[in-house]
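Written out below as structure tokens is the structure these notes cover.
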Amino acid sequence: MVPRARAAPKFDRWTYWEKFDYWAVFCMLIGGLGLLLWFPVFFSRFLPG
1 MVPRARAAPK FDRWTYWEKF DYWAVFCMLI GGLGLLLWFP VFFSRFLPG
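Per the numbering used here, the sequence shown starts with residue 1, numbered consecutively.
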């Protein structure tokens with residue numbers, strides 16, 4: 001059996017909500033790059049190469 005914690009865990013530096021903010025930013029970045037790869041002809045109008 002797993003013993004139950006008596007007190008709430010103390011976070012060292014970052015809480016889960018602060019980490020979620022970083023995850024949201026990186027998910028948007030990856031999603032944007034995915035769209036860029038999915039529609040290369042469309043985005044080549046705006047981006048060189």
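No residue lacks a Cβ here, since even glycine has one placed at the ideal position from N, Cα and C.
{"Check": "Per DSSP, what kind of secondary structure is P40 in: helix, strand or coil?", "Outcome": "helix"}
{"Check": "Distance, Cα to Cα, P48 vs K19?", "Outcome": "34 Å"}
{"Check": "From T15 to P3, what distance separates their C-alpha atoms?", "Outcome": "23 Å"}
{"Check": "If we call anything under 7 Å between Cβ atoms a contact, is L36 one with F43?", "Outcome": "yes"}
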